[in-house]
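**Student:** Just dropping this structure here.
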Amino acid sequence: MHRQKTAPSRGEGDTGYPVPHPHPPDSRHHPYLRYPRYPRYRLYEATALLLILSGLVHLVVFAVDGGPWNGPVSWRKPVTFGISFGVTLLAVVRVTSYVRVGPRLRAALLGVFTADCVVEVAGITLQAWRGVPSHLDMETPLDTGVSMTLAVGGGVLVVLLTAFAVASFRHRPTGPAGMALAVRSGFAILLVALASGAAMIARGVVLTRTGHQEAAYHSTASLKPLHGVSLHAVLVLPALAWLLSRTPWSEAARHRIVSAAVGCYAVAVAAAGVWAVLGY
959 MHRQKTAPSR
969 GEGDTGYPVP
979 HPHPPDSRHH
989 PYLRYPRYPR
999 YRLYEATALL
1009 LILSGLVHLV
1019 VFAVDGGPWN
1029 GPVSWRKPVT
1039 FGISFGVTLL
1049 AVVRVTSYVR
1059 VGPRLRAALL
1069 GVFTADCVVE
1079 VAGITLQAWR
1089 GVPSHLDMET
1099 PLDTGVSMTL
1109 AVGGGVLVVL
1119 LTAFAVASFR
1129 HRPTGPAGMA
1139 LAVRSGFAIL
1149 LVALASGAAM
1159 IARGVVLTRT
1169 GHQEAAYHST
1179 ASLKPLHGVS
1189 LHAVLVLPAL
1199 AWLLSRTPWS
1209 EAARHRIVSA
1219 AVGCYAVAVA
1229 AAGVWAVLGY
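Mind the numbering: the sequence shown is residues 959 to 1238 in this note's numbering, read in order.
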């Protein structure tokens, strides 16, 4: 039976949080393939669920209130952003338990990431209720403040998620067969989502600053499929590896399935990338 690696007693006593390597190499040798549950991580997960709930609530608001689904002002934005940020936060909290990051650093990064997700969804939701665009809107001081806050928050997300991505490539992630590949691929594809998101904001800001406000609102359309597809690889691929760990299949078979899934996901991202280039 594989024995779990543990941190020195001093580190455990100082932090009170999970040791960096809580997972056994293979789920067949351990019945509970998950990270230890501590209050701080439960808070992060609860916040993610509240963001998802916020998106679902606004879906009901849209059904009652009506209005356009597309466009810079619609109930679509608090719906999609609430669900997307909630799902992403939940995925990152779970997936980073496989990444070899010190417990204090991981807790701090996830804390900032959680707060940033809340700020992003709150700003978008506020503007939806005010009936004005959430991004690229510089019409009033309040609108400018919200837009700049969302832009800065996006930059913070890039830094935090890039830090986890780098950590996943510096040291091989732990977990069952295929999990290391799934985590690394998920974070690598997530970086594509961050890059496309940054490109959307940059192009929109340039158009807004040069007096083309309406064009700015429509300038991001070609990049949205690429951004959406690549955003959730960090959830889909590790989830597949985790589900496969519950099967009786051999490690080699499970690794092949994960490899095939990574390849299919890469093709989907490449196709969305071609669409983005052609429409940009």
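From the three backbone atoms N, C-alpha and C, an ideal C-beta is built for every residue, glycine too. Every value quoted in this text rests on a predicted model; they were computed, and no experiment measured them.
Can you check which of these residues, G1025, D1023, E1078 and S1092, is closest to T1046 by C-alpha distance?
**Tutor:** E1078
**Student:** Considering only residues of the same chain and omitting the five flanking positions on each side of V1220, which have a CB-CB separation below 8 Å?
**Tutor:** Closer than 8 Å at the Cβ level, and outside the excluded window around V1220, lie L1139, A1140, S1143 and L1195.
**Student:** Could you tell me the boundaries of the alpha helix (DSSP H) in which H1213 lies?
**Tutor:** E1209 to G1237
**Student:** If you reduce the DSSP assignment to three classes, tell me which class A1135 lands in.
**Tutor:** coil
**Student:** If you draw a straight line from the C-alpha of A1065 to the C-alpha of F1127, how long is it?
**Tutor:** 19 Å
**Student:** Compare the C-alpha of T1132 against each of L1181, A1199 and A1234 and name the closest.
**Tutor:** A1199
**Student:** Just the C-alpha distance for R1034 and L1181, rounded to the nearest angstrom, thanks.
**Tutor:** 17 Å
**Student:** Who are the Cβ neighbours of S1217 in its own chain at under 6 Å, not counting the five residues just before and after it?
**Tutor:** none
**Student:** Please report the straight-line C-alpha distance between A1197 and L1236, rounded to a whole angstrom.
**Tutor:** 32 Å
**Student:** Taking C-beta to C-beta, are F1122 and T1054 nearer than 7 Å?
**Tutor:** By the CB criterion at 7 Å, F1122 and T1054 fall inside the cutoff.
**Student:** Does P1134 pass the burial test, meaning 16 or more other C-beta atoms within 10 Å, or should it be called exposed?
**Tutor:** buried
**Student:** Between which two residues does the alpha helix (DSSP H) harbouring P997 extend?
**Tutor:** P997 to D1023
**Student:** Return the chain-ordered list of same chain residues with a C-beta closer than 6 Å to the C-beta of W1207, the five sequence neighbours on each side being excluded.
**Tutor:** none
**Student:** Is the beta carbon of I1082 less than 7 Å from the beta carbon of F1020?
**Tutor:** no
**Student:** Taking C-beta to C-beta, are D1074 and V1104 nearer than 7 Å?
**Tutor:** no
**Student:** Which whole-angstrom value is the C-beta distance of V1110 and D1101, which I expect to be below 8 Å?
**Tutor:** Actually they are not in contact, since the Cβ atoms of V1110 and D1101 sit about 15 Å apart, beyond 8 Å.
**Student:** Could you pull out every residue in the same chain whose Cβ sits closer than 6 Å to the Cβ of A1230, ignoring the five residues on either side in sequence?
**Tutor:** P1183, L1184 and V1187
**Student:** Based on Cα-Cα distance, which residue from G1136, E1097, A1153 and R1062 lies nearest to T1120?
**Tutor:** A1153
**Student:** What residues in its chain sit with their C-beta under 6 Å from that of L1009, if we drop five residues either side in the sequence?
**Tutor:** Counting only residues of its own chain and dropping the five nearest sequence neighbours on each side, L1009 has a CB closer than 6 Å to the CB of G1040, F1043, G1044 and V1079.
**Student:** Considering only residues of the same chain and omitting the five flanking positions on each side of V1150, which have a CB-CB separation below 8 Å?
**Tutor:** Correct list, in chain order: L1184, S1188, V1227 and G1231.
**Student:** Can you round the beta-carbon distance between E1003 and V1051 to whole angstroms, since I take them to be within the 8 Å contact cut?
**Tutor:** 6 Å
**Student:** Using the Cα positions of G1024 and H1093, report the straight-line distance between them to the nearest angstrom.
**Tutor:** 21 Å
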